[in-house]
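For the record, the sequence lines run as chains A and B. Heads up: take any position in the first sequence, counting from 1, add 97, and you land on the numbering used here. Heads up: take any position in the second sequence, counting from 1, add 97, and you land on the numbering used here. Idealized CB from N, CA, C, for every residue including glycine. Here is the structure we will look at.
2 protein chains.
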Amino acid sequence: MINIELEKAIKLMVKSIEEIKETEEIKLIEAGGRIIAEDIYAPMSNPPFDRSPLDGYALISEDTKGASRENIKKLTVVECIFAGEYSERVLQRGETVRIMTGAKIPKGADCVIRQENTNYGQDEVEIYEELCEYDNYCFAGEDIKKEDLLIREGALLTYVHQGILSSMGISKVKVKAKPRIGLIVTGDEVGIPGQQLRNGKIYDSNLHLLYSRLNEFGLKPIIAEIIGDSAEKVGKRIGEIINDVDLIITTGGVSVGEKDILHNVLQLIDANRVFWKVNLKPGTPAMYSLYKNKPILSLSGNPFAALTTFELLGRPVLAKLSGNDNLQLKQVNGIMEDEFNKPSMKRRFMRAFFNNGKVSFHENKHSSGMLASMIGCNCLIDVKKGTQKLGKGDNVNVVLL
Amino acid sequence: MINIELEKAIKLMVKSIEEIKETEEIKLIEAGGRIIAEDIYAPMSNPPFDRSPLDGYALISEDTKGASRENIKKLTVVECIFAGEYSERVLQRGETVRIMTGAKIPKGADCVIRQENTNYGQDEVEIYEELCEYDNYCFAGEDIKKEDLLIREGALLTYVHQGILSSMGISKVKVKAKPRIGLIVTGDEVGIPGQQLRNGKIYDSNLHLLYSRLNEFGLKPIIAEIIGDSAEKVGKRIGEIINDVDLIITTGGVSVGEKDILHNVLQLIDANRVFWKVNLKPGTPAMYSLYKNKPILSLSGNPFAALTTFELLGRPVLAKLSGNDNLQLKQVNGIMEDEFNKPSMKRRFMRAFFNNGKVSFHENKHSSGMLASMIGCNCLIDVKKGTQKLGKGDNVNVVLL
C-alpha cells in the first residue's frame, strides 16, 4: 500500500506482529521498569500477624474496666517483646505483656495500651485508662490480604511494586523478554563521531538519536551499525541478523532518488513491503516490511523526520512486541499559546512544548533539519491537512514524547 | 536541633554538603541520563557545508534568467554528486552539476533547481524555470553554528542531545560522577525475601523500596544491606563503608523506644547529629548527621514514612551531591477533586494522584503502613498544620513523585 494515513499504518503494523512470548525470571530488586509476565497474587497477608502499632502493653480489655488516673488498675507484666520477637504464651486475666511497635500481639490479648498511659512498670504496671476491644490493635492483613491481586500481567514494575512484592517475601519475578532490536543507519554520507570527517560527509545523528531513545525506553538495541549505500551490503547484513532480532529499524534510503536503496534491499532479500509513504510530514517516505515474519521499519534519513516517525510508527510496534502499553502513543488535547501562520497542505507534526494543557513553540525553527531546536520540546502538534494557520487559543491534538 | 520545619531541614542539609567534584569521560552513546560536567560548544558547523535540500541540478542563477517551459534554457551537466560526495570544480557559466539531496553544493553554484523542473538530462539538461540566488540552497551552519553553546554544565543528557553531539563528531562526554550511596536497613524484625520468615518477623520493604527508587533516579546504591538492631554492628558497618560512599541512608531505629538504636550508633561512631524530628507526618523522627563530613540520612522504619521522607529529605541531598537539579522536589499547585474530612494537627503529606492540575485520592487508606495504596499515586499533598478538612475545589500544594 502506498500513501496511507498514520492510523491505517499503525493498524497494519500492529496486525502484522505478535507480542513476544518469551519470559524470564529475574531478581525482584533489579526488575524495575520491566513488564510483569503474569498476575501475581499475595502469597501471604501483610502484616502477617496481628501487631502493635505503638510501644505499650498488650492486655485483655476487660482488665481495664473503669481504669483512670484516679482509679488505677494494676497488671502483672509476664513478658517483654520487641518487633521481630513473639510470645508462645496465651495471656490470662490480670496479665500483660510489654510490647513494642511492630511486635506480634500475643494470644489472649485484645488491645494495647499506649505506654504514656501507664507508669512504664517492669514487673507490675499501673493502667491509667479504660480500653475497648481492639484499641491500638493492627490486624493481620490490614495492608494486604492473602490472595489479593498485587500486580497484573502487563504492568510496568515500579519501586512501589518492588517494595510491596518484597514485603510478601517474593525475591524473583517473571517478566516479559525485551524485544531484540537491530538498528541500521544507511547512507554513504554518514561519518562516525570520533573519526575524521571527510569532505562532503556529515556526522551521524540517527544512530545516536534512535539508540539513545530506545535506551530511554529500556530497549537498548542489540545491534547498531552504520552501513553505506550499497543495497547488497545492507541486504546481506539484514539477512545475517534477522534470526537474532525481533525488529529491525533502518534510516535513510526510502525516498525516490537513485540512492534510495531500501527498495532494492527489500527486493534482494525478498521481503514483503506492507506499506510505503504515510500521509504526514516530516518523514513521508516511511516504509514497513516483513521479512521472515519479522518487522522492518524503515525511516527517512533526515534526523527530525526519523525521530518523528520513530515516535509515531515505532512506538506502537514496540508496545505490541514488548506487551508494554506505556510505549503507546500518548495523545492529549492542548490549547495553543503561540501562533503559526503557514498553511499546512499535508498533515504535519510540529515539535512543541506541552505544559499543563498549554502548547507553545520552543523556538521558531520548523525545518525538518533543525534537530537542535528539538531541545526542550516534549510533544508534537498534530496539524491537520489543510490547516491555514494555528491561532492562539486554538485546540490542538498533541502527541507527548 | 530538634523539631524543625521541613524547609529548615532541607536548608541545613544542603548547606552541610558539597557537590561531588569528580567527573568521568564516557562514551556519548551510553551517557543518556547523566549530568554534563562542562559547557559544550559546537566544534564545527552543521551542516558543515552548503548543501542541496533536494534532488536536482546546482547552477548559477543568472543562467536561468527568463527560463520557462516555453523558453527552455540548456546547461551542460559536468558532474554528478550524491550525498557524501563532493566536487573540486568551480562551476562556470553555462555549466551545471547533477546533485542529490544532502550533497555539498559545488563552488560557483548559487542555487539548485528541483529535478521535476528539468528534463532530468544527463549530459545536457533543460531548465524550465527561472531561479533566484540561494533558491533551494541550505547554508552551512543552518542547524548549528560553530561555537554555539550546545549543552550547559549541569544539564541532563537526553537522546536529543546525544543526536546533536554526535552530529558534531563528538563521541565522548565529560559527566559528573554519581554519588556513591550506602543503604542500611535496620531492624531485628526484618526478614529477607526468598528466605523462610520466622515467627514475629516481617519481610523487608524498605531496602527494595529505596534501592529501586534510587535506581529509578539512576543512582543504584553501591552497598545495600539489612542489619539487625545491634548499635555496635550498625556502627561498625558504617565505619567500614564511610570512606567508600558519599551518602548513607538508613531506615529504622530513629524514634524514642528502647530499640531505637540510631541514637546510640551516632554516639558510638562519634557522628555529629545536625537535626532530629521534622515537623511533618509521616516520618517525624527523621534524623540527619555528619560523620567524617559525609551525610547520614536516617529515616523511620515504617515503609510509607521512609518513602515520604526519602522524597522530601533525600531528594534535595541527592540533587546537591550529584549536581542534578532534576532531582529537586517538584512542587506545584493543584485543585482537590476529593474531600478529606479528618483534621490534621501536624503538617501532613498524603499520597494522591495528580493529573492536569487536579488532585484526587486513589484509595481511601491513609494509615502510614499502607504501602499497597501507594500504587497509582504520583504525588504527596502538603496538608498544612491545623487544617480542619480538605474540600472539593480547595487549592493545595503538591509534591510530585
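Span of the beta strand (DSSP E), counted from its first residue to its last, around residue i
{"i": "Leu247 of chain A", "result": "Leu246 to Ile248"}
{"i": "Pro392 of chain A", "result": "Lys391 to Leu396"}
{"i": "Glu192 of chain A", "result": "Glu192 to Ile196"}
{"i": "Gly260 of chain A", "result": "Unbroken run through Gly260 of chain A is the alpha helix (DSSP H), Tyr256 to Ser264; no beta strand (DSSP E)."}
{"i": "Thr173 of chain B", "result": "Lys170 to Ile178"}
Enclosing alpha helix (DSSP H) for residue i [first to last residue]
{"i": "Glu337 of chain A", "result": "Ala328 to Ile338"}
{"i": "Glu313 of chain A", "result": "Asn303 to Glu313"}
{"i": "Thr215 of chain A", "result": "Here Thr215 of chain A belongs to no alpha helix (DSSP H), and DSSP marks it neither H nor E."}
{"i": "Lys112 of chain B", "result": "Leu103 to Ser113"}
{"i": "Phe236 of chain A", "result": "Segment: none, Phe236 of chain A is in no alpha helix (DSSP H) and carries neither H nor E."}
{"i": "Phe401 of chain B", "result": "Pro400 to Thr406"}
{"i": "Leu363 of chain B", "result": "Leu359 to Ile366"}
{"i": "Ser457 of chain B", "result": "Where Ser457 of chain B is concerned, there is no enclosing alpha helix (DSSP H), although the beta strand (DSSP E) it sits in stretches over Lys455 to Ser457."}
Residue i vs residue j beta-carbon contact at 9 Å
{"i": "Phe451 of chain B", "j": "Gly473 of chain B", "result": "no"}
{"i": "Glu226 of chain B", "j": "Thr173 of chain B", "result": "no"}
{"i": "Ala128 of chain A", "j": "Val270 of chain A", "result": "yes"}
{"i": "Val375 of chain A", "j": "Leu415 of chain A", "result": "no"}
{"i": "Ile178 of chain A", "j": "Pro203 of chain A", "result": "yes"}
{"i": "Asn303 of chain A", "j": "Ala403 of chain A", "result": "yes"}
{"i": "Leu280 of chain A", "j": "Ala328 of chain A", "result": "no"}
{"i": "Gly488 of chain A", "j": "Glu408 of chain A", "result": "no"}
{"i": "Leu306 of chain B", "j": "Pro400 of chain B", "result": "yes"}
{"i": "Thr484 of chain A", "j": "Arg445 of chain A", "result": "yes"}
{"i": "Ser158 of chain B", "j": "Leu228 of chain B", "result": "yes"}
{"i": "Leu377 of chain A", "j": "Arg370 of chain A", "result": "no"}
{"i": "Glu250 of chain B", "j": "Asp136 of chain B", "result": "yes"}
{"i": "Ile345 of chain A", "j": "Ile358 of chain A", "result": "no"}
{"i": "Leu316 of chain B", "j": "Pro379 of chain B", "result": "no"}
Exposed unless 16 or more other CB atoms sit within 10 angstroms - verdict on residue i
{"i": "Met141 of chain A", "result": "buried"}
{"i": "Cys235 of chain B", "result": "buried"}
{"i": "Thr552 of chain A", "result": "Missing from the structure shown is residue 552 of chain A; chain A here goes from 98 to 498 and no further."}
{"i": "Gly153 of chain A", "result": "buried"}
{"i": "Asp240 of chain A", "result": "buried"}
{"i": "Lys273 of chain A", "result": "buried"}
{"i": "Asn500 of chain B", "result": "The structure shown does not extend to residue 500 of chain B, since chain B is modelled only from 98 through 498, so no value can be given for it."}
{"i": "Asp285 of chain A", "result": "buried"}
{"i": "Ile99 of chain A", "result": "exposed"}
{"i": "Gly350 of chain B", "result": "buried"}
{"i": "Lys105 of chain A", "result": "exposed"}
{"i": "Ile169 of chain B", "result": "exposed"}
{"i": "Glu182 of chain A", "result": "buried"}
{"i": "Leu497 of chain A", "result": "exposed"}
{"i": "Asp207 of chain A", "result": "buried"}
{"i": "Val187 of chain B", "result": "exposed"}
{"i": "Arg310 of chain B", "result": "buried"}
{"i": "Tyr385 of chain A", "result": "buried"}
Beta-carbon neighbours of residue i, restricted to chain B and to distances below 9 Å
{"i": "His258 of chain A", "result": "Ser309 and Ile472"}
{"i": "Met433 of chain A", "result": "Simply none; closest approach about 17 Å."}
{"i": "Met265 of chain A", "result": "Pro290 and Tyr300"}
Chain A residues whose Cβ lies nearer than 7 Å to that of residue i
{"i": "Asn296 of chain B", "result": "Tyr183"}
{"i": "Lys201 of chain B", "result": "Gly297"}
{"i": "Asn312 of chain B", "result": "Gly129"}
{"i": "Asp152 of chain B", "result": "Gly354"}
{"i": "Pro144 of chain B", "result": "Ile299"}
Proximal chain B residues relative to residue i, where beta-carbon distance stays under 7 Å
{"i": "His305 of chain A", "result": "Leu125, Ile126, Gln259, Gly260 and Ser263"}
{"i": "Ser268 of chain A", "result": "Pro290 and Gly291"}
Proximal residues of chain A, C-beta to C-beta of residue i below 8 Å
{"i": "Thr198 of chain B", "result": "Ser352 and Gly354"}
{"i": "Asn453 of chain B", "result": "Asn453 and Gly454"}
Proximal chain B residues relative to residue i, where beta-carbon distance stays under 8 Å
{"i": "Asp285 of chain A", "result": "Phe179, Ala180, Gly181 and Glu182"}
{"i": "Pro400 of chain A", "result": "Gly260 and Ser264"}
{"i": "Pro318 of chain A", "result": "What Pro318 of chain A touches in chain B: nothing, since even the nearest Cβ is about 10 Å away."}
Item checked: the stretch 384 to 393 of chain A touching the stretch 116 to 136 of chain A, judged by at least three CB pairs closer than 8 Å -> Too few Cβ pairs lie closer than 8 Å, so no.
Note to self: Tell me whether the stretch 343 to 357 of chain B and the stretch 187 to 202 of chain A touch, counting them as touching only if at least three CB pairs, one residue from each stretch, are closer than 8 Å.
What the structure shows: The stretch 343 to 357 of chain B is in contact with the stretch 187 to 202 of chain A.
Margin query: When you compare the stretch 475 to 488 of chain B with the stretch 439 to 457 of chain B, are there three or more beta-carbon pairs, one atom per stretch, that lie closer than 8 Å?
Written below: Touching, yes.
Next item on the list: Mind the definition here: the stretch 128 to 137 of chain A touches the stretch 248 to 266 of chain A only if three or more C-beta pairs lie below 8 Å; say whether that holds.
Entry: Because the criterion of three Cβ pairs below 8 Å is met, the stretch 128 to 137 of chain A and the stretch 248 to 266 of chain A touch.
Note to self: Tell me whether the stretch 317 to 333 of chain A and the stretch 293 to 311 of chain B touch, counting them as touching only if at least three CB pairs, one residue from each stretch, are closer than 8 Å.
What the structure shows: No, the stretch 317 to 333 of chain A is not in contact with the stretch 293 to 311 of chain B.
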